[in-house]
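The structure appears right after this line, and notes come after that.
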Amino acid sequence: MKLTVTKQALLDGLQRIQNIVSSRVTLPVLSNVLLETTETGLLLTATDLEVSVRTETPATVEKTGSTTLPAKRLLSIIRELPAEEIQLETDARNVTSIRSGQSFFKVFGLPKEEYPAFPSLEEKRGFSMKQGELKEGLKKTSYAISLDETRYVLNGILFSFRDGRLTLVATDGRRLALCDAELGEIKYPAGHERDFIVPTKAISELQRLLVDDKEVRLHVGDNLVAFDLGTTVLATKLVDGTYPNYRQVIPGEAKERVSLERETLLQSVRRVSLLSSDKSGSVRLNFTKNNLDVTSNTPEVGEAKESLAVAYKGRDLSIAFNPEFVIDPLRNLTDDTIALELIDEMSPGVIKINSAQRFLYVLMPMRVSV
């Protein structure tokens, strides 16, 4: 293998795949990135056997070939090279020479044959949608993914295809975020409704790779989904299991509904929560006519209170929430106003918005003494 590539192009490619490479691997070759020449450049692949990413980088190829090199070390070398143009040359023993300006490196690699094969995208159901739509949906839901590994089916986002729409759902058992996204012209085929769970690591990488103005094509198999972004493809195994019936936890008709300025509420809850304890702290929302008091009271720490003028004409109502669970959706939404729907002090609250993407956020109240 022999090729010439610009520093920035190779750096961009390595940065797209580097997070997949784990520092704790069972096979030494999984610490490496696979480099393969193509007709138009260089193909870079990384995998941890669960999530795989493959990306193409423009390069001038003099001699075709392949090798695998230590991913983190290669990235460190490329980042520090002094010149913009880089020459890579690999011999028959998988020793790669790297030349750039006055710098020269010789790095030992492993053969391509030892590297796991990238999942095949053939014979899988597929459809397309705007990358921006998917990116926005993931942003509005991913913060609610469970971190409890004993509840593994909650360690990811549910993708649910129904009636030409994609519904994204994440929950940790104490709150639930749901967002609908429109599909592109290539709809999910009628009669092929499907639910599957994409794991947390794949979601994190997908959020980094998605851009706003391009299409993403999804290829869905029995235990695999691949996201084709054009020059980059992310493939991941699915979480094995059945997602809980999330519709059961969505409350019925609300008794009180109040419109609130999102940024104002976000900053108030953030400030008041400074005096709530880390583990069991709460903020209390006290609604009275045309007023909302946001308060926290922690023994041996202190108390805080902020008052907001709101258009509220219902009965007096006081409800306590985990402050982080209130802050998370507010900082991931972009709407100027949100609607908070309440039934009573002991029932879940619901946050909704009025944008094109249907969104709702169900939040369990905290039982604390007044």
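Heads up: take any position in the sequence shown, counting from 1, add 76, and you land on my numbering. Beta carbons: idealized from backbone N, C-alpha and C, even for Gly.
When you compare only the Cα positions, how much space is there between Leu285 and Thr364?
Near 45 Å, if we compare the C-alpha coordinates of Thr364 and Leu285.
Out of Ile233, Asn170 and Ser152, which has the shortest C-alpha to C-alpha gap to Leu314?
Among Ile233, Asn170 and Ser152, the Cα nearest to that of Leu314 is on Ile233.
Who are Arg270's beta bridge partners in DSSP?
According to DSSP, Arg270 bridges with Phe237.
Would you tell me roughly how many angstroms separate the C-alpha atoms of Ala193 and Gly208, rounded to the nearest one?
Ala193 and Gly208: Cα-Cα distance of roughly 30 Å.
Output the distance between the C-alpha atoms of Ile93 and Arg130, rounded to the nearest integer angstrom.
One C-alpha to the other measures close to 7 Å.
Confirm, please, whether the CB-CB distance from Glu382 to Ser431 is below 8 Å.
Going by C-beta atoms, Ser431 is not nearer than 8 Å to Glu382.
For the beta strand (DSSP E) that Phe194 lies in, which residues bound it at each end?
Run containing Phe194: none; DSSP gives neither H nor E here.
Among Leu259, Ser142, Asn95 and Thr102, which one has its Cα closest to the Cα of Met77?
Comparing Cα-Cα distances from Met77 to each of Leu259, Ser142, Asn95 and Thr102, the minimum goes to Ser142.
Beta-carbon separation of Thr133 and Leu86 under 8 Å?
Cβ atoms of Thr133 and Leu86: closer than 8 Å.
Whole angstroms are fine: how far does the CA of Ser107 sit from the CA of Asp124?
One C-alpha to the other measures close to 9 Å.
Got a sec, what are the start and stop residues for the beta strand (DSSP E) Asp88 sits in?
Looking at the DSSP string, Asp88 is not in any beta strand (DSSP E); the run it does join, the alpha helix (DSSP H), is Lys83 to Ile93.
Helix, strand or coil: how does DSSP classify Glu421 here?
In this structure, Glu421 counts as coil in the three-state DSSP scheme.
Which residues in the same chain as Val245 place their Cβ atom closer than 6 Å to its Cβ, once the five residues preceding and following it in sequence are excluded?
The residues are Leu234, Leu254 and Tyr322.
Please classify Thr113: does DSSP put it in a helix, a strand, or coil?
Looking at Thr113 - three-state DSSP - the assignment turns out to be strand.
Starting from Gly232, follow its DSSP beta bridges and name the residues at the other end.
Paired residues: Pro275.
So is Val109 buried or exposed if we call it buried at 16+ other beta carbons inside 10 Å?
Buried, because 16 or more other Cβ atoms sit within 10 Å of the Cβ of Val109.
Could you check if Phe303 is buried or exposed, using at least 16 other CB atoms within 10 Å of its CB as the buried criterion?
That one is buried.
In chain order, what residues of the same chain have a beta carbon less than 6 Å from the beta carbon of Gly390, not counting five sequence neighbours either side?
Closer than 6 Å at Cβ, skipping near neighbours: Glu332.
Does the beta-carbon of Met205 have 16 or more other beta-carbons within 10 angstroms, so that it is buried, or is it exposed?
The residue in question, Met205, is buried, as its Cβ has 16 or more Cβ neighbours within 10 Å.
Closest to Arg227 by CA distance: which of Glu212, Val438 and Ile273 is it?
The residue with the shortest Cα to Cα distance from Arg227 is Ile273.
Which residue comes first and which comes last in the alpha helix (DSSP H) that contains Asp248?
Segment: none, Asp248 is in no alpha helix (DSSP H) and carries neither H nor E.
With a 10 Å radius around its C-beta and 16 neighbouring C-beta atoms as the bar for buried, classify Glu112 as buried or exposed.
The residue is buried, with at least 16 neighbouring Cβ atoms inside 10 Å.
How would you call Phe203, buried or exposed, if buried means at least 16 neighbouring beta carbons within 10 angstroms?
Per the 10 Å Cβ criterion, buried.
What is the rounded straight-line gap between the Cα of Thr114 and the Cα of Asp256?
Straight-line Cα distance between these residues: approximately 38 Å.
For the pair the region 387-404 and the region 293-312, tell me if three or more CB-CB distances fall below 8 Å.
With a cut-off of 8 Å, the region 293-312 and the region 387-404 do not count as touching, because too few Cβ pairs lie within range.
How should Val171 be labelled, buried or exposed, when 16 other C-beta atoms within 10 angstroms of its C-beta is the threshold for buried?
Classification of Val171: exposed, given that the 10 Å Cβ count is below 16.
What does the alpha-carbon distance come out to for the pair Val101 and Ile221?
The straight-line gap from Cα to Cα measures roughly 25 Å.
Do you know whose CA, among Glu339, Thr413, Val127 and Tyr437, lies nearest Pro49's CA?
Nothing can be reported for residue 49, as the shown portion of the chain is limited to 77 through 446.
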